[in-house]
Structure formats: structure tokens, C-alpha cells
Amino acid sequence: MSGRIPTSFIDELLVRVDIVDVIDSRVQLKKTGREYQACCPFHNEKTPSFTVSPDKQFYYCFGCGAHGSALGFLMEYEHLDFVEAVEELASGAGMEVPREAGQVFSGQSHHDLYAVMEKAAQFYRQQLKQHEQATRATEYLKGRGLTGEVAAAFELGFAPPGWNNLGVCLLAQGVSETQLVQAGLIVKKDSGGYYDRFRERIMFPIRDRRGRVIAFGGRQLGGDDGPKYLNSAETAIFHKGRELYGLFQARKAERKLERLLVVEGYMDVVALAQFGVRNAVATLGTATTHDHLERLFRVVSQIVFCFDGDRAGRQAAWRALENALPILSEGRQILFMFLPDGEDPDTLVRKEGKDGFEARVTDATSFSDYFFGELSAAVDMASIDGRARLVEQARPLLEKLPKGVFRHMMAARLAEIAKVDVSALGGLMTTRRSSSRASFRATPVKGAPSLMRTVIQLLLHRPALIACIDDWSILQGLEQPGLPLLQGLVELLQQSPQLSCGAIVEHWRAQGRSEEAGHLARLAGQPLMLSEDGLEVEFIAAVEKLVMLRDEQRWEYLESKVQLGSASDAEKSEYFALSSRGRQQ
Ligand SMILES: [Zn+2]
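Going by my numbering, the first residue of the sequence shown is number 339, and it counts up by one from there.
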């Protein structure tokens with residue numbers, strides 16, 4: 339586990355790098371006036387509507403609405419998560435990423451480990467070509483219908499029989515024994531010495547999304563030496579609950595992937611690729627985790643699970659469904675495909691070919707059909723009791739879905755199937771966020787949300803406006819969604835007025851407050867319909883209106899107390915002061 343990246347580092351990083359350089363090295367930009375333009379990399383277009391502002395350190399697309407800082411761009415464009423994007427940006431700027439809580443960040447120091455893994459991959463590949471016993475491996479691969487081309491694309495290798503082939507070879511190349519142990523390639527014996535972890539196996543190098551070898555999977559060739567499939571042990575660079583075999587190759591094969599297919603083993607991935615199905619990935623001997631799904635949804639919006647039709651397969655599918663609930667929302671689609679008895683993807687694609695197999699993928703069962711199908715099969719839908727049981731079982735599961743349109747629709751479907759009134763489902767139907775979390779989607783009060791939005795938006799576009807107001811405590815007591823966000827923004831800019839718009843947004847994301855970061859990014863992305871000279875006047879006017887609104891709220895509160903006779907003397911005088919001020923305005 340590594341500590342959190344300090345926000346001060348993110349600030350500094352975004353001051354040091356220029357978003358124009360970051361984007362220009364990936365998408366060629368053209369200068370137009372004070373900004374840069376290109377055809378948007380996130381949607382198809384012929385005339386450029388993708389704009390990068392060096393002043394704001396922010397990009398925005400007028401076509402599809404994509405927007406963000408240099409970090410946000412890397413996350414979207416390279417499909418990285420936040421931490422990975424920070425690492426990538428920092429390494430480009432020659433900066434080392436520090437971690438809080440005294441934990442040293444690992445990204446750079448694992449450099450050696452990646453190099454060792456790459457050498458090992460080379461060794462195994464070479465053995466498949468050269469070793470005298472490699473014919474057993476090649477025979478096996480040919481028997482599975484694999485051509486040399488696909489074996490090369492997946493860089494398959496061979497771990498020869500014997501206890502220390504890899505060890506001897508890599509030690510001779512200057513790799514230390516400690517490094518080999520850390521990489522999980524050799525195992526230390528209690529009696530001293532060591533032995534190779536992988537022996538007499540076909541080797542599948544596992545690459546992370548950036549293409550680095552982080553682990554191996556090995557399929558047993560003969561004998562009874564260990565399990566049929568053996569993965570690398572967890573190491574500093576390999577966490578099996580997060581990685582997916584084949585994701586790197588799938589992204590390489592198709593730049594614009596629309597859906598990914600999750601199958602059981604690496605042999606399935608390779609066999610499907612052999613038949614032209616290049617979008618399959620496999621978990622590494624674990625159920626599909628939350629991390630896996632987040633990773634996949636960063637690349638595509640549709641995931642199809644491919645399971646055996648037997649009992650074990652059905653159980654695994656339900657587990658995958660449960661793990662997916664907390665991250666399923668509109669725009670993210672999960673489907674389930676069950677294989678006929680006794681078939682696996684490998685045998686099926688061989689029988690039916692690419693088209694036949696893909697037709698099955700297209701026909702996969704939707705999330706809601708599978709969900710309600712399984713639950714209603716377990717109860718007697720003809721009886722009231724049975725339908726009540728269905729509601730009882732579905733409800734806690736649906737409550738795990740994020741609030742939003744998708745959850746609302748699932749609840750409506752439940753009501754329909756169970757023949758109950760939607761109101762009986764209570765909380766399930768609310769799509770509004772809880773009131774404790776201030777949000778811009780709350781009920782509008784006298785145009786105040788747009789005022790709040792204006793103030794925040796102007797600060798994002800021109801952080802220097804912070805200095806226009808001497809005393810920000812004038813907004814204290816205002817009851818208005820968005821106020822905590824504004825207060826946070828004010829506090830940040832009072833400390834660091836030099837921050838760019840992009841850096842401000844990342845400040846929230848670095849603290850794990852991605853919902854607020856999202857709000858800020860959207861506001862920052864919207865173009866201002868004001869001339870540069872008018873900004874200050876508009877800003878001060880909006881803040882003044884918010885102060886008036888606060889006074890109004892306070893006056894209403896005090897008035898009710900005065901009328902009820904429960905106001906203190908101090909409150910009474912405050913009430914009269916506010917009343918006379920109100921008359922002056
Ligand atoms: Zn776009």
C-alpha cells in the first residue's frame with residue numbers, strides 16, 4: 339500500500355507542466371489566437387472543436403463536452419487512473435512523486451523489477467524457439483489451433499523442465515538473487531539455494547496497461563508438478579485482483595474498443611484472438627472485482643461476461659453481478675453470456691467461428707433481465723408471498739446501485755414485475771442526492787444556484803478575482819447548496835492564488851472528492867459569456883447578491899422568532915437592523 343499523494347505536489351506538478359505540451363505530444367494542436375485547437379480525440383469530427391487554453395491550463399470540447407486539466411486529459415486519453423496519470427505526468431517532468439505518511443512511493447524504484455520481468459519474458463520466448471524439449475510446447479499450441487503469429491502477438495514462451503534454468507541465465511546477466519526473489523521468479527529453499535517457480539510450462543506474460551510485464555501465467559505441460567494453471571505470486575508490481583490478462587493486447591489490436599469480453603482463462607483469450615475475436619480479457623484466477631470493473635469501464639462502456647452454463651458458472655456470474663452493483667450507472671452496460679454445456683470459449687469459437695461466436699455475444703442477456711430472471715426463478719411469482727419475497731431480495735441489492743436514472747429504472751421494473759405500487763419501494767425511487775451532500779441539483783431557490791454557480795465559475799476562470807472581496811466571512815450562515823464548495827475554493831485560493839484552473843480542479847480529485855472535482859471541471863469547461871473586462875463587476879455583483887440572500891434568510895428566521903416571542907435581545911436588535919437595511923435597498 340502506498341500513501342496518498344500530497345495535494346501540494348499536484349499543485350506544483352500542474353504549475354510545472356504545460357497542458358499544451360502534454361496534449362500536443364499526443365494530438366497535434368494548432369494555435370488560434372490565445373488558444374489551441376484540434377479535432378477532438380474523444381469524438382469523431384471533421385472540424386476542430388477541441389480547444390486548449392494555456393491561460394486556464396484546461397481543455398474543452400464544444401462538440402462532446404469533454405473537459406479537464408492535463409491530468410484529466412491523460413486519464414481519459416491514456417485510460418489511466420488518477421495516481422497513474424500523476425505518475426506519468428511527473429515522470430515526464432522529471433519529478434518524483436512523494437507520498438504522505440512517510441511511505442516512499444514506489445513508481446520509480448520498481449524500475450529494476452520491471453526490467454527483470456522483461457528479461458524473464460525474453461528468456462521464456464527464446465526457450466520456446468530453442469530448447470530441445472520445446473517441441474512439446476509447440477505441439478500443444480498447434481493442437482489448440484494457434485498459429486505462430488498469435489503466439490508471437492501474445493509473446494508466449496516456454497519454461498523448460500529443470501530446477502534452475504531461468505535463475506542461472508538471469509544471474510549470468512547480472513540480475514541479483516534478491517531481485518529474482520522479489521520478482522517472484524525464483525523461490526528460496528529453506529535448506530539454502532533456490533529453484534525456478536515456473537517449470538515445464540507454457541508461459542503467458544501478463545502486461546499492465548502501459549505494456550510492462552508484471553507477472554506470468556504458466557500452463558502445465560506434463561507431469562503432475564503443481565496446478566494446471568499457475569500465476570506469479572503477488573509482488574510489489576503485481577496485484578492479481580486488479581489486473582486483467584489481455585487488456586493490453588486488446589487495446590493494441592483495436593484503438594477504439596466498444597466492448598470487452600471477460601472470459602475465464604488466458605488460453606481462452608489467446609484462442610479467441612486466433613479466430614479474430616480480439617477484445618477478450620481474463621481475470622487471473624479470481625472473481626471479477628470492483629477494481630477490475632472500474633478498470634474495464636475506463637476503456638469501454640459495455641462489458642460482456644462469458645461464463646460456463648453450469649452451476650459453478652452461474653454462481654460466478656451472480657458474484658460478478660453483485661460486485662458490479664456499486665459502480666453501475668447509466669451509460670455503463672453489463673451483459674451476461676452463458677456457454678452451452680461442456681463448451682468453453684476456445685471450443686465454441688472453433689466450432690462456430692468468429693461470426694457465430696460474436697452473434698452469441700450480441701445476444702447476451704442484459705443486466706436487468708438476468709437480475710430479475712434469477713431472482714424471480716427462485717420464488718413463486720404467482721403468489722403474493724412470492725412476489726413480496728422478490729421485493730425483499732431485490733431491494734437490498736438495488737440499494738447498492740448508485741443513485742440515478744439507472745437505479746430508478748431498475749426500481750420501476752421491480753415494481754412492475756412484483757405488481758406493487760412504486761411508492762411501496764420508498765427510498766429506492768429517489769434519484770435526488772441526500773441533502774447532507776450539497777449539490778447543484780437541489781431545488782432552485784430564487785435564482786441562487788445560478789448565482790453560486792456564477793461566483794464559482796468566475797473564480798475558476800480567473801482565480802485572481804479572489805482578491806476583490808476582502809472578507810469572505812460575509813457569506814457565513816447562508817444556506818445554499820454549493821456553499822461548502824465555494825468556501826473550500828476560497829480557502830484554497832487565499833493560500834495559493836497562483837493556481838491555474840486545471841490545478842484547482844485536481845486539488846479536489848487528489849483528496850478523493852471526485853464528485854466535487856467533477857462539478858468544478860464542468861463549470862470550468864463552460865465558456866463564459868462575458869467580456870474579460872466585465873468579469874470583475876459581474877463577480878462582485880454576484881457575491882453581493884449572495885450576501886443579500888443570506889440577510890434575507892436570516893431576517894426570515896429572526897422574524898419568526900420575534901413573532902413567536904422567543905427572540906433574545908441580541909436577535910431582536912439584529913432583526914431591526916436587518917429590517918431597516920432591507921428598506922434602504
Ligand atoms: Zn469532443
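Think of the CB as a built atom: it goes at the ideal place given N, C-alpha and C, for glycine as much as any other residue.
Is residue i buried or exposed, if buried means 16 or more other CB atoms sit within 10 Å of its CB?
| i | result |
| --- | --- |
| residue 621 | buried |
| residue 801 | buried |
| residue 348 | buried |
| residue 586 | buried |
| residue 707 | exposed |
| residue 914 | exposed |
| residue 626 | buried |
| residue 835 | exposed |
| residue 664 | exposed |
| residue 779 | Residue placement at residue 779 is poorly supported in this model, since its pLDDT is 30, which falls under 50; the coordinates are not used for a value here. |
| residue 820 | buried |
| residue 378 | buried |
| residue 743 | exposed |
| residue 918 | exposed |
| residue 904 | exposed |
| residue 853 | exposed |
| residue 911 | exposed |
| residue 395 | buried |
| residue 434 | exposed |
| residue 402 | exposed |
| residue 782 | Any reading at residue 782 is ruled out, since the residue's pLDDT is 33, under 50, leaving its predicted position unreliable. |
| residue 441 | Residue confidence for residue 441 is low, a pLDDT of 46 falling below 50, so the modelled location carries little weight; the figure read from the coordinates is stated next. Under this definition residue 441 is an exposed residue. |
| residue 651 | buried |
| residue 761 | exposed |
| residue 875 | exposed |
| residue 840 | buried |
Is the beta carbon of residue i sitting closer than 8 Å to the one on residue j?
| i | j | result |
| --- | --- | --- |
| residue 541 | residue 497 | yes |
| residue 493 | residue 459 | yes |
| residue 569 | residue 555 | yes |
| residue 376 | residue 358 | no |
| residue 616 | residue 596 | no |
| residue 544 | residue 602 | no |
| residue 799 | residue 884 | no |
| residue 482 | residue 609 | yes |
| residue 676 | residue 710 | no |
| residue 453 | residue 522 | no |
| residue 408 | residue 353 | no |
| residue 405 | residue 397 | yes |
| residue 729 | residue 752 | yes |
| residue 927 | residue 692 | Here the chain comprises residues numbered 339 to 923, so residue 927 is not present and cannot be evaluated. |
| residue 537 | residue 500 | yes |
| residue 520 | residue 573 | yes |
| residue 417 | residue 657 | no |
| residue 861 | residue 791 | yes |
| residue 638 | residue 599 | no |
| residue 878 | residue 832 | no |
| residue 502 | residue 528 | no |
| residue 673 | residue 703 | yes |
| residue 399 | residue 380 | yes |
Bridge partners for residue i per DSSP, in chain order?
| i | result |
| --- | --- |
| residue 569 | 555 |
| residue 906 | None, per the DSSP bridge assignment. |
| residue 671 | 640 |
| residue 375 | 368, 389 |
| residue 811 | Residue 811 pairs with nothing; no bridge assigned. |
| residue 599 | 618, 642 |
| residue 399 | 388 |
| residue 524 | 534 |
| residue 704 | 673 |
| residue 541 | 495, 556 |
| residue 406 | 397 |
Please confirm if residue i has its CB atom under 8 Å from at least one CB of chain D.
| i | result |
| --- | --- |
| residue 751 | Given the protein chain composition of this structure (a single chain), no chain D is represented. |
What residues does ligand 1 have around it, judged by CB closer than 6 Å to any heavy atom, in chain order? Those residues are 378, 380, 381, 388, 399, 401, 402, 404, given in chain order.
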